[in-house]
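Please read the structure below before turning to the comments.
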Amino acid sequence: MNTSPTTSLSAAAHDLADRATSGIDRAREASDNVRRQLSEVGERTTDYVQQEPVKALLLAAAAGAAGGLLVGWLARSRTAR
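By full-length UniProt numbering, the letter at position 76 of the sequence shown is numbered 76, and the numbering carries on one by one without gaps.
Written out as structure tokens, the structure reads:
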């Protein structure tokens, strides 16, 4: 089979375009899945906060305190160097 360089280049460009389109489609699917999952998590969180406001507040306060302690610990570790 004797193909010209132009034909080979055209076939390679077509293959590359197909792969790019396929990659874009997969990325779009993944993005849609993540967006749907985040929406579901947001809905569940809202439901939990409405059903258990005191527990939600205590959990948020505990998470904030833990985050503050972690940031403080990291800041001290860097200044000690």
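For glycine and all other residues, C-beta sits at the position ideal for the given N, C-alpha and C.
Distance between Asp32 and Ala20, taken at the CA atoms: about 18 Å.
Between Tyr48 and Ala56 the beta-carbon gap is near 6 Å, inside 8 Å, which marks them as a contact. Rounded to the nearest whole angstrom, the C-alpha separation of Ala65 and Gln50 is 22 Å. Take Trp73, set aside five residues on each side of it, and no residue of its chain has a beta-carbon closer than 7 Å to its own. Secondary structure at Ser10: helix, using DSSP grouped into helix, strand and coil.
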